[in-house]
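The listed protein sequences correspond, in order, to chains H and V. So the first sequence is residues 0 to 209, counted in numbering that gives the first Met the number 0. So the second sequence is residues 0 to 209, counted in numbering that gives the first Met the number 0. Notes follow once the structure below has been shown.
Number of protein chains: 2
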Amino acid sequence: MPTAVERLSKSQQKEDTRRKILESAAQVFASKGFHGSVVDDIVRASGTSKGAVYFYFESKEQIFFSLVEEYVTTLAQQMHVAVQRGRGLVAQVEAAVATLVRSFHTHPALARIVLLDWPNAGAEFQGKRMALKGMLVEILRGYLDRAVQDHRIESQDTELAAYVWIGAIGEVVVRWLNTGRPAPLEDVIAPLTRLLLNSVGLVPTPSASA
Amino acid sequence: MPTAVERLSKSQQKEDTRRKILESAAQVFASKGFHGSVVDDIVRASGTSKGAVYFYFESKEQIFFSLVEEYVTTLAQQMHVAVQRGRGLVAQVEAAVATLVRSFHTHPALARIVLLDWPNAGAEFQGKRMALKGMLVEILRGYLDRAVQDHRIESQDTELAAYVWIGAIGEVVVRWLNTGRPAPLEDVIAPLTRLLLNSVGLVPTPSASA
DNA sequence: GGTCGGAGACTGACCAGTCAGTCTGGGGGC
DNA sequence: GCCCCCAGACTGACTGGTCAGTCTCCGACC
Numbered sequence: 000m001p002t003a004v005e006r007l008s009k010s011q012q013k014e015d016t017r018r019k020i021l022e023s024a025a026q027v028f029a030s031k032g033f034h035g036s037v038v039d040d041i042v043r044a045s046g047t048s049k050g051a052v053y054f055y056f057e058s059k060e061q062i063f064f065s066l067v068e069e070y071v072t073t074l075a076q077q078m079h080v081a082v083q084r085g086r087g088l089v090a091q092v093e094a095a096v097a098t099l100v101r102s103f104h105t106h107p108a109l110a111r112i113v114l115l116d117w118p119n120a121g122a123e124f125q126g127k128r129m130a131l132k133g134m135l136v137e138i139l140r141g142y143l144d145r146a147v148q149d150h151r152i153e154s155q156d157t158e159l160a161a162y163v164w165i166g167a168i169g170e171v172v173v174r175w176l177n178t179g180r181p182a183p184l185e186d187v188i189a190p191l192t193r194l195l196l197n198s199v200g201l202v203p204t205p206s207a208s209a
Numbered sequence: 000m001p002t003a004v005e006r007l008s009k010s011q012q013k014e015d016t017r018r019k020i021l022e023s024a025a026q027v028f029a030s031k032g033f034h035g036s037v038v039d040d041i042v043r044a045s046g047t048s049k050g051a052v053y054f055y056f057e058s059k060e061q062i063f064f065s066l067v068e069e070y071v072t073t074l075a076q077q078m079h080v081a082v083q084r085g086r087g088l089v090a091q092v093e094a095a096v097a098t099l100v101r102s103f104h105t106h107p108a109l110a111r112i113v114l115l116d117w118p119n120a121g122a123e124f125q126g127k128r129m130a131l132k133g134m135l136v137e138i139l140r141g142y143l144d145r146a147v148q149d150h151r152i153e154s155q156d157t158e159l160a161a162y163v164w165i166g167a168i169g170e171v172v173v174r175w176l177n178t179g180r181p182a183p184l185e186d187v188i189a190p191l192t193r194l195l196l197n198s199v200g201l202v203p204t205p206s207a208s209a
């Protein structure tokens with residue numbers, strides 16, 4: 000006889016199972032990589048069954064992409080919100096960088112998946128990958144374009160700069176994932192932001208206003 | 000009865016087979032990724048046999064790693080040579096960046112392997128990966144440290160800057176691999192170098208001398 | 001006839017995905 | 001309020017295919 004506390008409606012249980020599978024998958028993929036992980040690992044970690052996994056997801060790949068897509072979308076939204084709050088161009092850029100870095104910091108498993116494990120095999124999924132990364136690039140590029148329009152920085156290839164920024168941030172996070180340095184990842188935010196702002200010719204004065 | 004023209008000593012033949020296997024493996028890995036490639040693909044592409052492949056290499060992974068190690072080592076040497084030739088710090092940095100970009104440009108298959116495949120090739124590879132990447136980072140970092148000593152740039156975290164540079168270059172090359180832009184990859188060398196030099200506070204004047 | 005580079009059929013482990021069946025919550029009839 | 005029924009969530013043994021790596025044999029050269 001289950002206690003009232005443990006009661007869960009059927010639909011709650013259902014959502015719960017899906018969540019558990021997804022969360023376990025994140026852990027498993029992060030620790031063993033996509034190809035190193037076996038669906039049975041996810042089954043074991045989630046305390047469900049193979050049937051349940053295939054009830055909610057079409058395939059192993061689909062689990063992976065649900066994970067990535069959900070995360071990247073959230074990330075883009077967070078960046079957007081953080082930037083809205085920032086007053087002044089420099090502050091906004093700082094907010095964008097800080098959001099990315101902090102998010103990776105709090106979700107190392109997802110960071111690992113997004114930055115290291117993203118499988119490059121499936122040609123169909125290569126498109127999605129480009130699209131999702133492009134989303135982040137476009138956001139950064141938008142800020143840079145605005146900076147150019149406002150004559151805050153010289154006219155330049157802002158798309159290139161956006162890719163450079165994404166690459167730079169990714170590499171720094173990867174270093175942290177692999178070596179653990181710097182101890183709190185957040186320590187890189189300030190110097191990293193400075194490097195990025197410098198690169199396009201924006202001087203990182205503390206209180207600049209667009 | 001083989002003609003005299005076709006004559007090859009046994010040892011020449013031997014070296015030839017090994018080369019063919021390695022070159023074919025580069026093509027195969029580049030087009031299908033490590034996990035998507037099957038040893039029989041390499042056998043087919045090289046026009047040899049499974050026996051030959053396993054005569055020269057211990058395992059599929061070992062083929063992959065031979066490829067990567069050889070390439071990265073060559074790359075580091077080329078960078079070293081190119082930089083030696085450069086007169087002045089800025090020119091040296093330009094030479095380093097140009098060498099990396101040009102090498103990836105002329106060896107797109109290897110670029111693909113190193114930049115896209117390698118990261119998710121398996122946990123055993125990560126250690127070696129860090130080591131080899133560290134090699135490149137140390138080279139760049141060396142130049143930056145010298146720049147600091149010479150008071151050409153402000154004192155800063157040069158290791159971070161080196162990672163930022165590597166990440167930036169990698170991302171730009173990956174964009175080229177995925178989208179084909181910019182048409183001749185070499186077009187990015189100048190603006191990319193400018194971004195990188197700016198990032199650490201080095202003004203890219205055409206004829207500066209240390 | 002011995003050795004060595006090479007061929008390619010074969011093996012066995014591994015694993016994504018299936019499916020026939022079980023269990024359970026809750027809706028509808030009384 | 002009770003019970004019956006069944007949708008549909010969930011189970012896990014099983015399958016079919018794949019593929020890294022092995023083994024045996026062959027032919028060329030010494």
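The beta carbon of each residue, even a glycine, is placed where N, CA and C say it ideally should be.
Original post:
Out of curiosity, what's the CA-to-CA distance linking V187 (chain H) and V92 (chain H)?
Top reply: By one-based count along the first sequence, residue 187 (chain H) stands at place 188. By one-based count along the first sequence, residue 92 (chain H) stands at place 93. Cα to Cα, V187 (chain H) sits roughly 15 Å from V92 (chain H).
Original post:
G87 (chain H) to A182 (chain H), Cα distance in whole Å?
Top reply: Taking the first sequence and counting its residues from 1, the one referred to as residue 87 (chain H) is at position 88. Taking the first sequence and counting its residues from 1, the one referred to as residue 182 (chain H) is at position 183. For G87 (chain H) and A182 (chain H), the distance between alpha carbons rounds to 30 Å.
**OP:** Count the other CB atoms, across all protein chains shown, that sit within 10 Å of the CB of D149 (chain H); report buried if there are 16 or more and exposed otherwise.
**Re:** Mapped onto the first sequence, residue 149 (chain H) falls at position 150. Exposed, because fewer than 16 other Cβ atoms sit within 10 Å of the Cβ of D149 (chain H).
Subject >> Min CB distance S36 (chain H) to chain V below 8 Å >> reply: Here residue 36 (chain H) corresponds to residue number 37 of the first sequence, with the count starting at 1. No, because no Cβ of chain V sits closer than 8 Å to the Cβ of S36 (chain H).
Subject >> Distance between K19 (chain V) and A75 (chain H) (C-alpha atoms, nearest Å) >> reply: The residue you call residue 75 (chain H) lines up with position 76 of the first sequence. The residue you call residue 19 (chain V) lines up with position 20 of the second sequence. Cα to Cα, the separation comes out at about 46 Å.
Original post:
For R174 (chain V), does the three-state DSSP call read helix, strand or coil?
Top reply: The count along the second sequence starts at 1 and reaches residue 174 (chain V) at position 175. In the structure shown, R174 (chain V) adopts helical secondary structure according to DSSP, grouped into three states.
Subject >> For R84 (chain V), the three-state DSSP class (helix, strand or coil) >> reply: Within the second sequence, numbered from 1, the residue matching residue 84 (chain V) stands at position 85. The answer is helix: DSSP assigns R84 (chain V) an H, G or I state.
**OP:** Can you give me the Cβ contacts of V82 (chain V) inside the same chain, cut-off strictly under 6 Å, excluding the 5 residues immediately before and after it?
**Re:** For the purposes of this step, residue 82 (chain V) is taken as the residue at position 83 of the second sequence. Cβ neighbours of V82 (chain V) beyond the five flanking positions: Q91, A94 and A95.
Original post:
Can you find a C-beta in chain V that's less than 8 Å from the C-beta of E137 (chain H)?
Top reply: Position 138 of the first sequence, counted from the start, is the residue given in the question as residue 137 (chain H). Chain V contact via Cβ: absent.
Original post:
Would the beta-carbon of L194 (chain H) fall within 8 Å of that of S154 (chain V)?
Top reply: In the first sequence, residue 194 (chain H) corresponds to position 195, counting from 1. In the second sequence, residue 154 (chain V) corresponds to position 155, counting from 1. Taking a C-beta distance under 8 Å as the contact criterion, L194 (chain H) and S154 (chain V) do not qualify as a contact pair.
**OP:** Report the rounded CA-to-CA distance for W164 (chain V) versus A167 (chain H), giving the unit in angstroms.
**Re:** In the second sequence, counting from the first residue as 1, residue 164 (chain V) sits at position 165. In the first sequence, counting from the first residue as 1, residue 167 (chain H) sits at position 168. In a straight line, the C-alpha of W164 (chain V) is about 7 Å away from that of A167 (chain H).
Subject >> Contact set between the region 164-179 of chain V and chain H, restricted to residues whose Cβ is under 7 Å from the partner >> reply: Flagged, chain order: I165, G166, A167, G169, E170, V171, R174 and N177.
Original post:
Using 8 Å as the Cβ pair cut-off and three pairs as the minimum, do the region 101-118 of chain H and the region 61-81 of chain H touch?
Top reply: As far as the Cβ criterion goes, the region 101-118 of chain H touches the region 61-81 of chain H, which means the pair count is three or higher.
**OP:** Measure the beta-carbon distance from E170 (chain V) to G169 (chain H) and round it to whole angstroms, keeping in mind my assumption that it falls under 8 Å.
**Re:** On the second sequence, position 171 is the one that residue 170 (chain V) refers to. On the first sequence, position 170 is the one that residue 169 (chain H) refers to. For E170 (chain V) against G169 (chain H), the beta-carbon gap comes to about 7 Å, under 8 Å, which counts as contact.
Original post:
With C-beta atoms as the reference, is D116 (chain H) less than 8 Å away from F28 (chain H)?
Top reply: Your numbering for residue 116 (chain H) matches position 117 in the first sequence. Your numbering for residue 28 (chain H) matches position 29 in the first sequence. A contact, by the Cβ cut-off of 8 Å.
Original post:
Given that A160 (chain H) touches chain V, what residues does it touch there, using C-beta distances under 9 Å?
Top reply: Against the first sequence, residue 160 (chain H) aligns to sequence position 161. Taking the beta carbon of A160 (chain H) as reference, the chain V residues within 9 Å of it are P190 and L194, listed in sequence order.
Original post:
By the 10 Å Cβ neighbour count, where 16 or more other Cβ atoms means buried, how is A24 (chain V) classified, buried or exposed?
Top reply: On the second sequence, position 25 is the one that residue 24 (chain V) refers to. A24 (chain V) counts as buried, since at least 16 other C-beta atoms from the protein chains shown sit within 10 angstroms of its C-beta.
**OP:** List the endpoints of the continuous alpha helix (DSSP H) containing D39 (chain H).
**Re:** On the first sequence, residue 39 (chain H) is found 40 positions in, with the first residue counted as 1. For D39 (chain H), the uninterrupted alpha helix (DSSP H) segment begins and ends at V38 to S45.
**OP:** Look up D144 (chain V) in the DSSP assignment and say whether it is helix, strand or coil.
**Re:** What you label residue 144 (chain V) is simply residue 145 of the second sequence in a count that begins at 1. Three-state result, D144 (chain V): helix.
Original post:
Quick one: what does DSSP say G166 (chain H) is sitting in, helix, strand or coil?
Top reply: Taking the first residue of the first sequence as position 1, residue 166 (chain H) is located at position 167. For G166 (chain H), the three-state secondary structure derived from DSSP is helix.
Original post:
If we ignore side chains and look at the alpha-carbon of each, how far apart do R128 (chain V) and E22 (chain V) end up?
Top reply: Along the second sequence, one-based indexing puts residue 128 (chain V) at 129. Along the second sequence, one-based indexing puts residue 22 (chain V) at 23. A direct Cα-Cα distance of roughly 21 Å separates R128 (chain V) from E22 (chain V).
Subject >> Which of helix, strand or coil DSSP assigns to D116 (chain V) >> reply: The residue labelled residue 116 (chain V) in the question sits at position 117 within the second sequence. In the three-state reduction of the DSSP assignment, D116 (chain V) falls in the helix class, which pools H, G and I.
**OP:** Decide if S48 (chain H) is buried, meaning its Cβ has at least 16 other Cβ atoms within 10 Å, or exposed.
**Re:** In the first sequence, the residue the question calls residue 48 (chain H) occupies position 49. The residue is exposed, with fewer than 16 neighbouring Cβ atoms inside 10 Å.
**OP:** Closer than 7 Å by beta-carbon distance: list the chain H residues that pair up with M129 (chain V), in chain order.
**Re:** For the purposes of this step, residue 129 (chain V) is identified with residue 130 of the second sequence, where counting begins at 1. Here the neighbours are N177.
Subject >> Contact belief for A161 (chain H) with V202 (chain H) at Cβ below 8 Å, rounded distance in angstroms >> reply: The residue you call residue 161 (chain H) lines up with position 162 of the first sequence. The residue you call residue 202 (chain H) lines up with position 203 of the first sequence. Cβ-Cβ separation between A161 (chain H) and V202 (chain H): approximately 19 Å, too far for a contact (criterion under 8 Å).
Subject >> Close Cβ partners of Q211 (chain V) (< 8 Å) along its chain, the five nearest in sequence each way excluded >> reply: Because chain V is modelled from 0 through 209, residue 211 (chain V) falls outside the range shown and cannot be assessed.
Subject >> Contact test: G32 (chain H) Cβ vs the ligand NAD heavy atom, cutoff 7 Å >> reply: Looking for the ligand NAD in the displayed structure turns up nothing, as the structure carries no ligands at all.
**OP:** Could you work out which residue in H:E14, H:N177 and H:A146 is closest to F56 (chain H) when comparing CA atoms only?
**Re:** Stepping through the first sequence from its first residue, residue 56 (chain H) is reached at position 57. For F56 (chain H), the closest alpha carbon among the candidates H:E14, H:N177 and H:A146 is that of H:E14.
Original post:
Which residues in chain H sit within 7 Å of S48 (chain V), going by Cβ to Cβ distance?
Top reply: Sequence index remark: in the second sequence, residue 48 (chain V) carries index 49 (1-based). Here the premise fails: no neighbours, minimum Cβ distance about 26 Å.
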